[in-house]
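First up is the structure itself, then whatever we jot down about it.
Protein chains in written order, with this note's numbering: chain L, 1 to 626; chain R, 1001 to 1601.
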């Protein structure tokens, strides 16, 4: 058997997976292409549906924000009124204290209400965003768990991770900050504008003069800045990649004396990043002063025209005469005018990023679920398996299995051998319905597996993969993964049965020892023993073993062997075998070649036959004894 | 902080000029309310009579000469003046931003490069200790954090204090009584900020932890999808995720709640101060004769007190980011302060009969406990010899060969290459003699020929092809559409294990090493290919010393000598036939791989 790549021909398979975005710097690359959503409208609608999921909260929030905005806007109005109580008479300057105190008290009241409401607004916004994100995350996760294996095999894990983390985070930020600030900006804008109209339509018109300028400025400058930011993000991603690549392969770097070269390369990127960052910063810093200028321009315009109308009442028809305090109030409102526009411009980018993120999230949600429409109730699966006329390919036009037939009787041990790419792993993928057939039929106990609910099918099968999957939890939980409802006795029995008890009991905390992420604090052999224990506990009728090719020390190796042999007792076993002893002990050896069975039979028969198996055998094992 | 100053030194000029430029902007910002006051007070209220204002009358006299002025004249003059001030202030602001960006980005660049250079000079054990992920974060996120902080420091160091002081002075200049308002508002505000932050900041850490937990569930589900599906545990995993998710939600809401309190409370304080100022102003107009209080004064006072309180808020924000930036500085400094354990010697080396020689070598990994990995090993490997090492995992095979190119240093004893102690070698010369093919093949993003040229930068196309041929990589390379120019993405994820191993062997061969170390680096090849590869090596390499670690007996049995390593010592060292007689361990390994089946043929 070929020790090369025991995973069949699957193109970008990653069972072991890359560690994914370990640190916060990880998924930088993914951030590059999410500047702009492709279908803004549709995504927005869908996202709003999510937010709308808590309608009551949303309505309350908008209502409260309305109150906050109104009371905020009332501030300058009342302030103007209060200052209008100061009058200049012949006898000098005088204040109508009673009126002023009244206005001030009213102002105080308004502010108190506003503050209280702002507090509620904060809480509601928090609740709303957290609830939305919570649901979004749960839905996304549920979706991921329903995706067919094909999806995880053909998509980069880092990318899926980054959708779950970064993109959801972006959406969350947009909801908790952008939405409230957007709504309140719009409300403020509308409010301030209506107040302006209240003081005189001509004044409102004057106040509007700067709006197109503001919009044009933010849009253009924004576009310009974005260019630098995108480039900067890209460079950061490159630097990230460089460090990651060079550090993970540091031994090779050192062995080939490439340190200086890599430092040079790094310096180049770093220098480029420096230049790009400076440009981004400087352009960014221009925005503020420009806005400031426009804001003040508006101020001056209002003061000038206000003063003019004050001195020349009646010059504009249908305009009621202005008072000093009115101008004062208008000046205050004009300040309230520019900020929201600025704010909307700022939020625009955040919202775009969030929408792009949402789009990527929905992309996952829109991918097809695993097909699971089997209805046939099958009880007590015995374990007769039959593959009939199977055709299958991962990539269209590149068939992996061609007209494949195999029949396994309950309780038989079948060793599948063959060179890399002959389709060994594919058989496993098909039996468990990780992948669907192109044509043909697989039956278990005579029932087509597409007619059996996946749960029933998979519960009757246990697989022990050579890339063991463990979870960062206790050893106990990891074993019980085979059967959640098992009690401790059964769990310990499974460990004993698979000879894992020895090393577990030597651990300081025994079965309660916590495993590090993917069990990296255990040795390869120990991890395999654990995954065998798990299969023992699951007590399946059908067993799939993918023998490890990797190097494990002799003693552990013996244990794994013994455990596997014990596990196979009384079960239908399909073994992707690499060890001579396993192969020799099998009831049937199936030799795969180019997606088809080249020959089958037991060890002696096949050797005597002198065909493919004989060649393989000579190649792999016989050489040793000569 | 020490590091920031040290790295800021080359940009000292920029770093000093930047805050000075900021003063210009602050000055403009402080002027504006005064100009506005004149517009309101004298332009609008007083009908253009500026005689009471020194600033007003001076400006008007300069522009229009002596006399009395109309309302519009005052408004427009001061309006234009305002805009001028804004433009000038803006210019100062942009210049300040430019200098600050230049200084901080320069600092960041130097810091980044130095840190990277340092990492590239560290010994393996040290980079292992840091872990890749943490080094990536330090080099990117932490450095960015430091840059942002420095920039903010340069731009903001003068702003809030100047606003605070300038605003206070302006406010008191308007009327001393406004000082009372400020004296009341400031402490209340500070207490509120401190109260909220002291609760919120520790929560940030908890949020991060919960987020990590959530991420690790997702990670495990994505990588372990097969097992989860095989055991039908989707619902179980969803529950696990939902639990982590709701924990995150609860803690996130807590943080946001605290922030929800903070914002309105601060506005209340600010608005209360506004009301107090207006009231006090109004009261004075009526009750204090000759107070000089006017509507404009009151409005200016409102602006100033808002500015003062805002700057206090800004200062607290700055303090908050100081602690975060300091954490980043510490993490980067940790890298910069690490001195490489392995220091290069200066000898170049000469020829000797014995290529590699271990003399009483013991080794334990730094900070590792228990018995040493290697103890008292003495072995001579002759020039041109093929020397194999077998033994159980964890017996110390890799550790032993790691000592040759000085990836690690022996704890006791000496290692000699060509008769010279490796510690006395110039590191570069030493490593140039050796090609080391790792257990796990590490390729780099780039074309196939670029990857092979890693071994020798100036290798010709023929040399590359030759190396690929000996490494038996030729066939599969030629099967690619673009041959040697095919691009290998993601560290060779598109290649099979065997292809990767052959690639790294080709890379090792192209430099024509004196010593070739193969650390279990043919494990993914089938025996036939491996045998051909071994034949090729033997034929082509001539007097290259080959040291190979292997699991499979079949791979090593043709070696000149085989060393059996057991528990860190060499238990036997001889040819295959000899070992079959004298070493029970070797026979054990042999049997475990062969069982009795082998003899059948």
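All C-beta atoms, glycine included, are put in the ideal place defined by N, C-alpha and C.
Fill in: residue 410 of chain L, enclosing alpha helix (DSSP H) - first and last residue
Indexing the first chain from 1 puts residue 410 of chain L at position 410. Looking at the DSSP string, residue 410 of chain L is not in any alpha helix (DSSP H), and its letter there is neither H nor E.
Worksheet entry | Inter-residue Cα distance where the pair is residue 121 of chain L and residue 238 of chain L | Working through the first chain from its first residue, we reach residue 121 of chain L at position 121. Working through the first chain from its first residue, we reach residue 238 of chain L at position 238. Computed Cα separation, rounded: 41 Å.
Worksheet item: My guess is that residue 109 of chain L and residue 325 of chain L are in contact by the Cβ rule of under 8 Å, so how many angstroms apart are they, rounded?
Response: Here the question's residue 109 of chain L lines up with position 109 in the first chain. Here the question's residue 325 of chain L lines up with position 325 in the first chain. Not confirmed; about 19 Å, so no contact.
Fill in: Sequence-distant residues of its chain with Cβ nearer than 7 Å to residue 526 of chain L (five each side left out)
As a working mapping, residue 526 of chain L is identified with position 526 in the first chain. Same-chain partners within the cutoff: 503.
Practice prompt. Return the residue from the list R:1254, R:1082, R:1424 and R:1485 that minimises the CA-CA distance to residue 1203 of chain R.
Written response: In the second chain, residue 1203 of chain R corresponds to position 203, counting from 1. Of the listed residues, the one whose Cα sits closest to residue 1203 of chain R is R:1254.
Worksheet item: Below 8 Å, can you find three or more Cβ-Cβ pairs linking the stretch 465-477 of chain L to the stretch 1214-1230 of chain R?
Response: yes
Worksheet entry | Proximity to residue 410 of chain L [Cα-Cα], best of L:490, L:313 and L:540 | For the purposes of this step, residue 410 of chain L is identified with residue 410 of the first chain, where counting begins at 1. Among L:490, L:313 and L:540, the Cα nearest to that of residue 410 of chain L belongs to L:540.
Item to complete: Provide the residue(s) that pair with residue 1359 of chain R in DSSP beta bridges, ordered along the chain.
Response: In the second chain, counting from the first residue as 1, residue 1359 of chain R sits at position 359. R:1414.
Practice prompt. Assuming residue 299 of chain L and residue 196 of chain L form a contact by the criterion Cβ under 8 Å, report the distance between their Cβ atoms to the nearest whole angstrom.
Written response: By one-based count along the first chain, residue 299 of chain L stands at place 299. By one-based count along the first chain, residue 196 of chain L stands at place 196. Contact doesn't hold; Cβ gap of about 13 Å is too wide.
Item to complete: Spell out the partners DSSP gives residue 1566 of chain R in its beta bridges.
Response: As a working mapping, residue 1566 of chain R is identified with position 566 in the second chain. Answer by DSSP bridge pairing, in chain order: R:1569.
Worksheet entry | Contact list for residue 67 of chain L against chain R, beta-carbon separation under 8 Å | In the first chain, the residue the question calls residue 67 of chain L occupies position 67. Here the premise fails: no neighbours, minimum Cβ distance about 13 Å.
Discussion item. How far does the alpha helix (DSSP H) with residue 127 of chain L in it extend, from its first residue to its last?
Written reply: The residue you call residue 127 of chain L lines up with position 127 of the first chain. Note, residue 127 of chain L: alpha helix (DSSP H), 97-146.
Worksheet entry | Per-residue burial, residue 579 of chain L [other beta carbons within 10 Å of its own, 16 or more giving buried] | Walking along the first chain from the start, residue 579 of chain L turns up at place 579. With 16 or more other Cβ atoms within 10 Å, it is buried.
Item to complete: For residue 1477 of chain R, collect the residues of the same chain with a Cβ closer than 7 Å to its Cβ; drop the 5 residues on either side in sequence, then sort them by chain order.
Response: In the second chain, the residue the question calls residue 1477 of chain R occupies position 477. Around residue 1477 of chain R: 1448, 1468, 1483 and 1484.
Worksheet item: Can the beta-carbon of residue 1354 of chain R be found closer than 8 Å to that of residue 1380 of chain R?
Response: What you label residue 1354 of chain R is simply residue 354 of the second chain in a count that begins at 1. What you label residue 1380 of chain R is simply residue 380 of the second chain in a count that begins at 1. Their beta carbons are under 8 Å apart, which means residue 1354 of chain R touches residue 1380 of chain R by this criterion.
Item to complete: Taking the CB atoms as reference points, tell me whether residue 1516 of chain R and residue 1524 of chain R lie closer together than 8 Å.
Response: Reading the second chain from its first residue, position 516 is the one you call residue 1516 of chain R. Reading the second chain from its first residue, position 524 is the one you call residue 1524 of chain R. No, the Cβ-Cβ distance between residue 1516 of chain R and residue 1524 of chain R is not below 8 Å.
Worksheet item: Can you list, in chain order, the residues of its chain whose CB lies under 6 Å from that of residue 480 of chain L, leaving out five sequence neighbours each side?
Response: Indexing the first chain from 1 puts residue 480 of chain L at position 480. These residues qualify, in order along the chain: 486 and 491.
Fill in: residue 406 of chain L - partner residues in DSSP beta bridges
Translated into positions along the first chain, residue 406 of chain L becomes position 406. DSSP lists L:387 as partners of residue 406 of chain L.
Item to complete: Starting from residue 589 of chain L, find everything on chain R with Cβ-Cβ shorter than 7 Å and list it in chain order.
Response: The count along the first chain starts at 1 and reaches residue 589 of chain L at position 589. Ordered by position in chain R, no residue passes the 7 Å Cβ test against residue 589 of chain L, which lies about 13 Å from the chain.
Worksheet item: Is any beta-carbon of chain R found at less than 8 Å from that of residue 107 of chain L?
Response: Working through the first chain from its first residue, we reach residue 107 of chain L at position 107. Interface residue, yes.
Worksheet item: Between residue 1409 of chain R and residue 1435 of chain R, what straight-line distance do the alpha-carbon atoms span, to the nearest angstrom?
Response: Locating residue 1409 of chain R in the second chain gives position 409, where the first residue counts as 1. Locating residue 1435 of chain R in the second chain gives position 435, where the first residue counts as 1. Those two C-alpha atoms are separated by around 18 Å.
Practice prompt. Could you name the residues that DSSP lists as bridge partners for residue 474 of chain L?
Written response: As a first step, residue 474 of chain L must be located in the first chain, where it is residue number 474. The partner list for residue 474 of chain L (beta bridge, DSSP) reads L:514.
Worksheet item: Opposite residue 399 of chain L in the DSSP bridges: which residues?
Response: Position 399 of the first chain holds residue 399 of chain L. Answer is L:393, bridged to residue 399 of chain L.
Worksheet item: Between which two residues does the alpha helix (DSSP H) containing residue 1179 of chain R stretch?
Response: Walking along the second chain from the start, residue 1179 of chain R turns up at place 179. 1178-1223 is the span of the alpha helix (DSSP H), which, as asked, contains residue 1179 of chain R.
Worksheet entry | DSSP bridge partner residues for residue 592 of chain L (one or two, in chain order) | In the first chain, the residue the question calls residue 592 of chain L occupies position 592. According to DSSP, residue 592 of chain L bridges with L:418 and L:597.
Worksheet entry | Coarse secondary structure for residue 603 of chain L, derived from DSSP in three states | Position 603 of the first chain holds residue 603 of chain L. Note: residue 603 of chain L maps to helix in three-state DSSP.
Discussion item. According to DSSP, is residue 1561 of chain R part of a helix, a strand, or is it coil?
Written reply: As a first step, residue 1561 of chain R must be located in the second chain, where it is residue number 561. Residue 1561 of chain R falls in the strand class under three-state DSSP.
Worksheet item: Are any of the Cβ atoms in chain L nearer than 8 Å to that of residue 1345 of chain R?
Response: By one-based count along the second chain, residue 1345 of chain R stands at place 345. Closer than 8 Å: no.
Item to complete: Spell out whether any CB of chain R is found under 8 Å from the CB atom of residue 251 of chain L.
Response: Within the first chain, the letter at position 251 stands for residue 251 of chain L. Judged by the 8 Å Cβ criterion, residue 251 of chain L is in contact with chain R.
Item to complete: May I ask you to list the residues that DSSP assigns as paired with residue 1408 of chain R?
Response: By one-based count along the second chain, residue 1408 of chain R stands at place 408. Its beta-bridge partners do not exist; DSSP assigns none.
Discussion item. Under 8 Å: do the stretch 246-257 of chain L and the stretch 1112-1129 of chain R share three or more Cβ pairs, one atom per stretch?
Written reply: yes
Worksheet entry | Proximity winner among R:1236, R:1481 and R:1042, relative to residue 304 of chain L (alpha-carbon distances) | On the first chain, position 304 is the one that residue 304 of chain L refers to. Selected option, being the one with the closest Cα: R:1042.
Worksheet item: Does the beta carbon of residue 50 of chain L come closer than 8 Å to any beta carbon on chain R?
Response: For the purposes of this step, residue 50 of chain L is taken as residue 50 along the first chain, with counting starting at 1. No, its Cβ sits nowhere closer than 8 Å to a Cβ of chain R.
Worksheet entry | Minimum Cβ-Cβ distance from residue 1040 of chain R to chain L less than 8 Å | Along the second chain, one-based indexing puts residue 1040 of chain R at 40. Yes, residue 1040 of chain R lies at the interface with chain L (some Cβ there is under 8 Å from its Cβ).
Fill in: Close-in-space but distant-in-sequence residues of the same chain around residue 531 of chain L (CB under 8 Å, 5 per side omitted)
Taking the first residue of the first chain as 1, we reach residue 531 of chain L at position 531. Taken in chain order, the residues that qualify are 464, 465, 468, 469 and 470.
Practice prompt. Give the straight-line distance between the Cα atoms of residue 83 of chain L and residue 106 of chain L, rounded to the nearest whole angstrom.
Written response: Position 83 of the first chain holds residue 83 of chain L. Position 106 of the first chain holds residue 106 of chain L. If you take the alpha carbons of residue 83 of chain L and residue 106 of chain L, they lie about 14 Å apart.
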